[in-house]
Amino acid sequence: AQSVSQHNHHVILSEAASLELGCNYSYGGTVNLFWYVQYPGQHLQLLLKYFSGDPLVKGIKGFEAEFIKSKFSFNLRKPSVQWSDTAEYFCAVHSNFGNEKLTFGTGTRLTIIP
Amino acid sequence: DTGVSQDPRHKITKRGQNVTFRCDPISEHNRLYWYRQTLGQGPEFLTYFQNEAQLEKSRLLSDRFSAERPKGSFSTLEIQRTEQGDSAMYLCASSFKPGQGFDQPQHFGDGTRLSIL
Numbered sequence: 004a005q006s007v008s009q010h011n012h013h014v015i016l017s018e019a020a021s022l023e024l025g026c027n028y029s030y031g032g033t034v035n036l037f038w039y040v041q042y043p044g045q046h047l048q049l050l051l052k053y054f055s056g057d058p059l060v061k062g063i064k065g066f067e068a069e070f071i072k073s074k075f076s077f078n079l080r081k082p083s084v085q086w087s088d089t090a091e092y093f094c095a096v097h098s099n100f101g102n103e104k105l106t107f108g109t110g111t112r113l114t115i116i117p
Numbered sequence: 003d004t005g006v007s008q009d010p011r012h013k014i015t016k017r018g019q020n021v022t023f024r025c026d027p028i029s030e031h032n033r034l035y036w037y038r039q040t041l042g043q044g045p046e047f048l049t050y051f052q053n054e055a056q057l058e059k060s061r062l063l064s065d066r067f068s069a070e071r072p073k074g075s076f077s078t079l080e081i082q083r084t085e086q087g088d089s090a091m092y093l094c095a096s097s098f099k100p101g102q103g104f105d106q107p108q109h110f111g112d113g114t115r116l117s118i119l
């Protein structure tokens, strides 16, 4: 069975600080990886995804993530955060075949202090 | 708005009552998923449809839960004899079936928050 771990439950940063949120997954086969963001009062939105190819993927709003297969990791990064990045961030994975059901981590709440 | 639409946004009911939620996916999408999210957790998969066929149900989906997608468009999720533990946010998502030439992820609705008194 797939599982996803997000070890940072709540992260507080000042504006312009750099961000890295950890995500590790457990699955023996080929996976597709995602980061979703949920802004206060809004629905889950896709930040970025990795299906294949370059393990460094760039998403919206200046976010990027690196897939490191040997570490089963897909950490999210942003060099300089803004107050508007305050949100909940979810890492998710699904297998590369079958029903594509997503397995999510427990989420990381990010608070940016102006 | 051409996103995934869910109704109602919030449902409050007494324990033991039946409730039904509706999801309207993005019209071109042939896959529809239901997830449940409780406080402090990420969404958990419940079931999914490809067109009108329900192809998988999670063990989380007890016999009191039933989902339908009768014409391959909108879907309903019904919970019978609700219990306190059913209180959660119920999320719907839709996507294209993989292999159709679209590299598209799942798109989520705003969810229906269920509160059991």
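Same order as they appear, the protein sequences are chains A and B. First residue of the first sequence? That's 4 in my numbering, and the numbers climb one at a time after it. First residue of the second sequence? That's 3 in my numbering, and the numbers climb one at a time after it. C-beta atoms are modelled at their ideal positions from N, C-alpha and C, and glycine is treated no differently.
Chain A beta carbons: is any one of them nearer than 7 Å to that of B/F67?
no
Bridge partner(s) assigned by DSSP for A/N78:
A/E69
Rounded Cβ spacing between B/F76 and B/R33 (contact assumed at less than 8 Å):
Rounded, the Cβ-Cβ distance is 14 Å, inconsistent with contact.
Buried versus exposed call for A/S73 [16 or more other C-beta atoms within 10 Å across all chains shown]
exposed
Confirm the yes/no value for this check: CB of B/L41, any heavy atom of the ligand MG, distance under 6 Å.
Judged by which ligands are present, the structure shown has none, so any question about the ligand MG falls away.
Residues bridged to B/Q52 (per DSSP):
B/R33 and B/A55
Residues in the region 27-53 of chain A having any Cβ partner in chain B nearer than 7 Å
F37, H46, L47, L49 and K52
Anything in the region 57-68 of chain A with a Cβ closer than 9 Å to a Cβ of chain B? List those residues in chain order, please.
none
One or two residues paired with B/D26 in a DSSP bridge:
B/S7
Return the residue from the list A/Q9, A/L16, A/A68 and A/L50 that minimises the CA-CA distance to A/D57.
A/A68
Neighbour flag for B/G74 against chain A, beta carbons, 7 Å
no
Short CB-CB distance (under 7 Å) between A/K74 and chain B
no
Three-pair Cβ contact test at 8 Å for the region 44-51 of chain A versus the region 107-119 of chain B
yes
Identify every residue that forms a DSSP beta bridge with B/R38.
B/E46 and B/Y92
Residues in the same chain with beta-carbon distance under 6 Å from A/S29, minus the five sequence neighbours each way, listed in chain order, please.
S6
Beta-carbon proximity check, B/I28 vs B/S117, cutoff 7 Å:
no
Run through the DSSP bridge pairs and tell me what A/Q41 is partnered with.
A/E91
Looking only at DSSP bridge pairs, what is B/R115 linked to?
B/H12 and B/M91
Extent of the continuous beta strand (DSSP E) run through B/E80
S77 to I81
Less than 7 Å between CB atoms is the rule here; does A/G25 satisfy it with respect to chain B?
no
Residues of the region 26-40 of chain B with a CB closer than 8 Å to any CB of chain A: list them in chain order, please.
R33, Y35 and Y37
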